[in-house]
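So the structure is just underneath, and the comments pick up after that.
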Amino acid sequence: MLPISICIAIKTQPLRVKPETTNARAVERQSKEQSKDRLSFDLKCRYYATREDIPQCLISLWKYLLLDKHKKQLTGWHLFAKRLARGQNTEDKTTKIVVLEMRFMHKWLTYDQMGVARRAFLDTMVVLRDIMSGLAKANTDERGTLDWGKVFSFACHPRIAGECTTPWGIEPAGYYCHPREQGGPSGSAQKATQELLLKYMEVTDPVRGMTLATTSSSVALREARRRVDRSDDNTQPLWNAIMFSSVLGSDPLQLDVDLAVFTTKKVVKWYDELLSLCKVAVQSQGTESRVDKAITLANQLQVASERANAATDSMSATSESASEKTLCGKKDWGLGKVTVVEIEDVRDSASYEDRKELAQPSKERWWRRVLQSFVIKVRESNRQRQQHAASKLVRRSLEISRTRTELSKSVVEFSAEVDQLRLLARGFILQLKLQTKWRQVQAVAQRPGVTMVEVSKVTTVNIDHLSCERRRTQAIREKVSKLNQADEAMMQGAKEILGRSKKLNKELKSLHTDLRKHAYRYESRTSLEQRGTLFRCG
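Residue numbering for the sequence shown follows the working numbering, starting at 75 and increasing by one per position.
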C-alpha cells in the first residue's frame, strides 16, 4: 500500500511546476511568517525640514544608523526599511516637522519570549538615545545633511504581533531633544506644548525606591516575601483612588486627581523597592559566592575520592601479593618458607599422591581466601558508594548553579517590567492631569496661526484627539486597564521569583551540609577550617 500511495502523490503533482520551486515558495512563506512574529519597532524621528530636504534627510539618517560603530552597538538588530511617515503634507514648501521612520527587526527574538523582548527593547532605547545624541558631535561625513538642532524628538514604537497573547506588551518610549527655536507660530507652539506635557508627566521625578547595598540576601528575601504577602495594603489603594472617585467622571475634583497621582507613584515606588530586594536576594555576591564554593568543593571532593580509591587499589595489590606468599609458605604444606616459583617446581616434581594432597588446601588457607574475597567486595561496594555520592554532589551543585542562572534571568525580566510600569505610569499621570489642566494645554496649542493637528504631530499624546472630554475619559479607562493587567502579571512574576529563591536557598544549605559531611572522610576539621571549606550558611 505504501508504494501505491507514493505513486499517487507523484501523479497528482501539478504539471510544469518543479518540486524545487514549490519548496522554495514554502520556505519563503514560512520565513515571512517567522519574521512577522519577531520583535520589531519603528524609530520615528521628528525633524524640521523642507519638502526638498526630505529625501536627503532619509538617506542621511539611514547611513548614520548603519555606521560600523553603531552596528556594534545594535548587535542583534537589522535595519531593513526607511520611509516618510504617512499623513505628511509634502506640498507646503515652508520649514515644518516631518516624521522620518526607520524600521528595525530583531534577528531571533520573538514575542513568545516577552520578558526577554521587553528587556531588549528598553536596553535598545538607551543605545539609540546615545546614538541620536551623537549627532551633536558627529562630523559631516557621518551625519550627512542632518542637524542635531533640528531634531525635535524621536521615539520607538513596537510593532506588536497580532498573535501576541501576553497580558500587557511593550509600551512605546521616546526622548525630547530640546531643538532650536524655529520661525513661525507653529515652531514656538510645538515646543511650548510639548514642554508643558512633560511637566505634567513629571519626567524629572525618577520614582525610585530605596537602595539596599548593605542588606544580606536572607534578610532581603524575607522582607520581599513579607511585602508580597501584604501586597493589598500597597496596590489596592490605587484602584480605590481611581474606580471609586470622580477621576472617571465628567467634572473630576482636583483632590481626587492628586490622590490618584500620588498612589500611582507609590505603587511604582513599591515595585521598584521590591525589585531591589529581589536583586539582593538572587544576584548578590554572597549568593553567588556560596554557589561557586559549592561547585568548587564538590569537584575537589570528587578528585579526592578518585585519588583515595587509586591509593586503595595499589595497597590492595601489594597486600594481596604478600598474602599469597605468606599463605603459600605456611608449615601446613610442609614446604617451609619458599617462593611461588619454588612451590610450582615442587608440585611439578612431586608424585601423583603428593600432587593430590597439595591440591587440597588446608582449612586455614580456605577461610583466608573467603575472608579476603569478602573484604574485596565490601571495599568495592564502599568505593562505588563513595564515588556515587561524590558524583551526585557535583550534579547537585551544577543543577543549583543552573537554577540560579535562570532565576537571575527572571529578575532581569522583572526589572524590565518595572521600567515598563514606570513608562505606563507617566502616561497615566499625564492623562489624569489633562482632565483638570486641559484649558491650559488648549490655550498654548491654539495660538493664532496654529492648529491642534499640527501640534499633535510632535506631542507625547494626540491632543487633537483628546480635545473631546469623552475621549479623555476613555483614554484614562484604557490606561487603568493596562495598569491592572500589569499589576497582576508583575505580582505573579514576583511570587514565582521569591518562591524559587526560597527553594534555591534551602537546596543550597542542604548541599553545603552534605559537602561538609563528605569532606570529613578525606581531611581533618582543622585543615578544612584553615582552607575556608567550612563556613556557616545563612
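Glycine included, each C-beta is placed from N, C-alpha and C at the ideal position. The structure displayed is predicted, hence computed values, not measured ones.
Residue i Cβ short of 7 Å to the ligand ATP heavy atom set
i, result
"residue 574", "This structure lacks the ligand ATP, and indeed carries no ligand of any kind."
Sheet register partners of residue i (DSSP bridge)
i, result
"residue 173", "120"
"residue 230", "117 and 247"
"residue 645", "Absent from the model: residue 645. The displayed extent of the chain is 75 to 612, so no value can be given."
"residue 225", "121"
"residue 56", "Outside the modelled stretch of the chain, which goes from 75 to 612, sits residue 56, for which no answer is possible."
Counted within 10 angstroms of its Cβ, other Cβ atoms place residue i as buried (16 or more) or exposed
i, result
"residue 142", "exposed"
"residue 259", "exposed"
"residue 579", "buried"
"residue 251", "buried"
"residue 586", "buried"
"residue 568", "buried"
"residue 317", "exposed"
"residue 197", "exposed"
"residue 584", "exposed"
"residue 147", "exposed"
"residue 500", "buried"
"residue 349", "buried"
"residue 329", "exposed"
"residue 539", "exposed"
"residue 248", "buried"
"residue 363", "exposed"
"residue 513", "exposed"
"residue 224", "buried"
"residue 496", "buried"
"residue 253", "buried"
"residue 525", "exposed"
"residue 388", "Residue placement at residue 388 is poorly supported in this model, since its pLDDT is 49, which falls under 50; the coordinates still yield a value, given next. Exposed."
"residue 261", "buried"
Per-residue DSSP class, three states only, for residue i
i, result
"residue 185", "coil"
"residue 259", "helix"
"residue 656", "Lying before the first or after the last residue shown, residue 656 is absent from the chain, which here runs from 75 to 612."
"residue 304", "coil"
"residue 159", "coil"
"residue 178", "strand"
"residue 254", "coil"
"residue 101", "Confidence in residue 101 is poor, its pLDDT being 45 and thus under 50, which makes the residue's placement unreliable; the coordinate value appears in the next sentence. If DSSP states are grouped into helix, strand and coil, residue 101 belongs with the helices."
"residue 314", "helix"
"residue 538", "coil"
"residue 127", "coil"
"residue 218", "coil"
"residue 414", "Because the pLDDT at residue 414 is just 38, under 50, the model does not fix this residue reliably, and the point stays unresolved."
"residue 197", "helix"
"residue 532", "coil"
"residue 487", "helix"
"residue 213", "coil"
"residue 473", "helix"
"residue 350", "helix"
"residue 360", "helix"
"residue 578", "helix"
"residue 543", "helix"
"residue 276", "coil"
Other residues of its chain near residue i: CB distance less than 6 Å, five sequence neighbours each side excluded
i, result
"residue 118", "173, 175 and 229"
"residue 244", "192, 195 and 232"
"residue 123", "131 and 172"
"residue 266", "518"
"residue 144", "205"
"residue 116", "175, 177 and 231"
"residue 644", "Nothing can be reported for residue 644, as the shown portion of the chain is limited to 75 through 612."
7 Å CB neighbourhood of residue i in its chain, flanking five on each side removed
i, result
"residue 140", "153"
"residue 134", "217, 218, 219 and 220"
"residue 256", "122 and 169"
"residue 554", "316"
"residue 532", "120, 171, 226, 227, 264 and 268"
"residue 529", "263, 264, 267, 519 and 537"
"residue 588", "467"
"residue 471", "368, 369, 372 and 585"
Same chain only: Cβ atoms within 8 Å of residue i, ignoring 5 sequence neighbours per side
i, result
"residue 572", "295, 298, 299, 302, 352 and 355"
"residue 576", "295 and 299"
"residue 333", "315 and 319"
contact_flag[the stretch 206-219, the stretch 180-190] where n(CB pairs < 8 Å) is 3 or more: no
Contact between the stretch 291-305 and the stretch 465-480 (3+ Cβ pairs under 8 Å): no
Segment contact, 8 Å Cβ cut-off, at least three pairs: the stretch 357-374 with the stretch 316-334: no
Meets three-Cβ-pair contact criterion under 8 Å: the stretch 558-572 and the stretch 487-497: yes
Three or more C-beta pairs below 8 Å linking the stretch 495-513 and the stretch 540-552: yes
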